[in-house]
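Presented below is the structure to which this report refers.
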Amino acid sequence: MIRTTQLHQPGSNPMTRSQQLFERARNVLPGGTTRATILFRDYPIYLTRGEGARVFDEDGRSYIDFANNFTTLIHGHGFAPVTEAAMAQLKLASCFSNPTSSEIDLAELIVERVPSVEQIRFVNTGTEAVMFAIKAARAFTGRHKIAKFEGAYHGAYDWAEVSEAAMPDENNLSPPVVANYAGMPPSVLDEVVVLPFNDLERTRSILAEHGRSLAAILVDAMPSRPGLIPLKREYVEFLNEVARANDTLIISDEVLNFRLDYHGAAERFGLRADLTTLGKIIGGGLPVGAIGGRKDVMQVFDASRGSLVTQGGTFSANPVSMVAGRASLGALDRPAFERLEALGDYARESIEALSRKLGCTLSATGLGSLVRLHPKAFAPTTYAQFFQSPAQKQTMRDLHFALLERGILISNTGLIALSTPMNETHIDALTAQLESAIVAGGFFQ
Ligand SMILES: Cc1ncc(COP(=O)(O)O)c(C=O)c1O
Numbered sequence: 006m007i008r009t010t011q012l013h014q015p016g017s018n019p020m021t022r023s024q025q026l027f028e029r030a031r032n033v034l035p036g037g038t039t040r041a042t043i044l045f046r047d048y049p050i051y052l053t054r055g056e057g058a059r060v061f062d063e064d065g066r067s068y069i070d071f072a073n074n075f076t077t078l079i080h081g082h083g084f085a086p087v088t089e090a091a092m093a094q095l096k097l098a099s100c101f102s103n104p105t106s107s108e109i110d111l112a113e114l115i116v117e118r119v120p121s122v123e124q125i126r127f128v129n130t131g132t133e134a135v136m137f138a139i140k141a142a143r144a145f146t147g148r149h150k151i152a153k154f155e156g157a158y159h160g161a162y163d164w165a166e167v168s169e170a171a172m173p174d175e176n177n178l179s180p181p182v183v184a185n186y187a188g189m190p191p192s193v194l195d196e197v198v199v200l201p202f203n204d205l206e207r208t209r210s211i212l213a214e215h216g217r218s219l220a221a222i223l224v225d226a227m228p229s230r231p232g233l234i235p236l237k238r239e240y241v242e243f244l245n246e247v248a249r250a251n252d253t254l255i256i257s258d259e260v261l262n263f264r265l266d267y268h269g270a271a272e273r274f275g276l277r278a279d280l281t282t283l284g285k286i287i288g289g290g291l292p293v294g295a296i297g298g299r300k301d302v303m304q305v306f307d308a309s310r311g312s313l314v315t316q317g318g319t320f321s322a323n324p325v326s327m328v329a330g331r332a333s334l335g336a337l338d339r340p341a342f343e344r345l346e347a348l349g350d351y352a353r354e355s356i357e358a359l360s361r362k363l364g365c366t367l368s369a370t371g372l373g374s375l376v377r378l379h380p381k382a383f384a385p386t387t388y389a390q391f392f393q394s395p396a397q398k399q400t401m402r403d404l405h406f407a408l409l410e411r412g413i414l415i416s417n418t419g420l421i422a423l424s425t426p427m428n429e430t431h432i433d434a435l436t437a438q439l440e441s442a443i444v445a446g447g448f449f450q
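Right, here's the structure in full:
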């Protein structure tokens with residue numbers, strides 16, 4: 006049983022392995038976990054192994070994995086080219102203080118594929134990538150403010166975190182500028198301009214006032230947290246124009262959305278990226294991040310010229326992540342992207358068809374291999390349309406658990422990430438279990 010009403014009492018049914026582990030975990034980890042994003046009722050499900058599109062838990066149950074570690078595992082679990090490359094490297098060495106040829110191999114592959122990336126630096130997480138990209142933009146422009154979208158998640162660097170979970174307010178020109186943690190310095194809020202994505206008129210007015218003071222506009226062209234809603238073409242074109250007119254850099258945050266296109270998300274959306282941040286899939290399942298971009302901007306990191314931004318990191322460009330990333334991206338050729346694109350279209354169409362069949366208020370957004378479920382009759386196109394009431398948020402949490410009970414693992418936000426070992430059978434299983442969960446739970450009425 007995944008749903009329990011209370012923690013284990015002596016004398017009641019024997020605890021599951023996951024329950025036992027959580028009891029231990031709560032003593033030594035605050036809240037019993039290491040990640041705020043793990044959704045659980047009384048205890049989380051502890052996983053032991055994965056195989057292709059499936060994962061297995063401590064109690065021997067298996068699930069189709071549509072979470073894929075928050076979109077990281079584009080080849081699913083145990084993808085032979087990645088595991089073989091990583092194991093061979095581990096036998097040689099896990100890390101050095103000197104460089105290895107593996108970082109050049111991965112850098113060359115990314116530079117060759119992404120037109121706007123002329124040079125690249127590796128770090129360990131997407132958070133670090135965003136942090137260093139913002140620092141680079143500040144050093145290059147000599148300005149310190151940045152702009153970002155309301156609701157957008159870019160990791161845990163203070164300026165990038167502002168207004169991550171703010172209430173939408175369409176009555177004011179500017180969306181609310183809101184601290185993301187207790188004690189966030191008010192000076193951080195003064196240095197962030199929050200933009201309403203896909204609202205061209207308000208964005209135009211806000212940038213008319215602040216444009217010239219901005220080091221960078223931090224753009225995720227299909228921000229996941231606020232709904233996995235693609236930016237409209239004319240909105241992207243406006244951002245390109247306004248950035249150029251104001252000598253402001255565009256940072257394309259592709260930590261999540263790099264998986265949308267062989268050439269990256271900026272290329273797909275027509276965004277003129279000066280800097281690009283990467284993570285997740287470029288490490289093949291091992292920790293990684295990267296900042297890439299225009300050579301003249303990337304020079305801020307060049308120590309031989311007296312770097313304007315010091316960038317390092319004990320594990321940055323560690324060879325295990327580098328070879329795993331090279332193997333992962335190497336296997337992602339154009340046909341692989343085309344297959345994922347078709348499978349994503351099939352998933353979105355199947356979900357919309359199910360919603361029509363059941364006459365319920367379920368919709369789907371996304372592109373390529375990414376899909377997001379919404380407790381809404383129509384797919385949202387703005388943050389205000391996306392924003393969920395407490396009752397809607399609860400419905401999505403309940404759906405997450407109902408799917409888990411039916412052997413389907415999706416991210417807690419309703420985000421679904423497809424992987425290359427999947428085919429239409431997996432999508433049909435998702436849709437069938439979604440139908441069963443909706444009918445049994447009375448969701449989306
Ligand atoms: C768009 C985006 N930027 C940055 C990050 C932070 O990456 P990491 O979790 O590797 O620090 C994420 C993580 O989900 C992300 O989705």
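Under the working numbering, the first residue of the sequence shown is numbered 6, with each subsequent residue one higher.
Backbone N, C-alpha and C fix where the C-beta goes; we use that ideal spot for every residue, glycine too.
The structure displayed is predicted, hence computed values, not measured ones.
Which residues DSSP lists as bridging residue i, in chain order
i: THR53; result: DSSP output for THR53 lists no bridge partner at all.
i: ILE356; result: Beta-bridge pairing links ILE356 to no other residue.
i: LYS150; result: LEU219
i: SER368; result: HIS379
i: THR282; result: ASP258 and ILE296
i: GLY289; result: LEU291
i: ARG126; result: ILE296
i: LEU200; result: PHE154
i: ALA422; result: LEU375
i: LEU414; result: ASP70
i: VAL167; result: DSSP output for VAL167 lists no bridge partner at all.
i: VAL224; result: SER257
Selection from the options that minimises the alpha carbon distance to residue i
i: HIS215; options: PHE202, PHE243, PRO191 and THR253; result: THR253
i: ASP64; options: ARG118, LEU52 and PHE383; result: LEU52
i: ARG361; options: ALA271, THR436 and PRO340; result: THR436
i: ARG126; options: ASP307, MET92 and LEU334; result: ASP307
i: ILE443; options: PHE391, SER368 and SER416; result: SER368
i: THR42; options: TYR158, PHE243, VAL60 and SER394; result: TYR158
i: ILE211; options: VAL241, VAL247, PRO228 and LEU97; result: VAL247
i: PRO235; options: LEU372, GLY311, ILE50 and PHE383; result: LEU372
i: VAL241; options: GLY160, SER424 and ARG209; result: ARG209
i: LYS285; options: THR130, GLU89, GLN397 and LYS96; result: THR130
i: ASP195; options: ALA336, PHE274, GLY349 and LYS150; result: LYS150
i: ALA336; options: LEU78, LEU375, GLY318 and ASP204; result: LEU78
i: THR21; options: GLY36, ILE50, ARG46 and THR39; result: ILE50
i: PHE383; options: MET227, PHE449 and ASP403; result: PHE449
i: GLN94; options: THR425, LEU291 and GLY419; result: LEU291
i: GLY288; options: PHE320, GLY317 and ARG331; result: ARG331
Proximity test, residue i beta-carbon vs ligand 1 heavy atom, cut-off 8 angstroms
i: GLY297; result: no
i: LEU261; result: yes
i: GLU169; result: no
i: VAL314; result: no
i: PHE75; result: yes
i: THR105; result: no
i: GLU133; result: yes
i: TYR158; result: yes
i: PRO228; result: yes
i: THR282; result: yes
i: ASP433; result: no
i: GLY294; result: yes
i: ALA161; result: yes
i: LYS150; result: no
i: ASP266; result: no
i: ASP350; result: no
i: LYS362; result: no
i: ASP258; result: yes
Beta-carbon spacing of residue i, residue j below 9 angstroms
i: LEU200; j: PHE137; result: no
i: VAL116; j: VAL293; result: no
i: VAL119; j: ALA271; result: yes
i: HIS80; j: SER333; result: yes
i: THR76; j: SER229; result: yes
i: ALA141; j: MET303; result: yes
i: ARG66; j: HIS82; result: no
i: ILE421; j: GLN438; result: no
i: PRO395; j: LEU97; result: no
i: ARG143; j: ALA220; result: yes
i: ARG277; j: ASN251; result: no
i: GLU123; j: LYS300; result: yes
i: LEU223; j: ALA161; result: no
i: GLY232; j: THR370; result: yes
i: ASN262; j: LEU375; result: yes
i: GLY297; j: THR281; result: yes
Segments of 3+ residues assigned as beta strand (DSSP E) that fall wholly inside the region 38-96: 52-56, 59-62 and 67-70
Segments assigned beta strand (DSSP E), at least 3 residues, entirely inside the region 303-359: none
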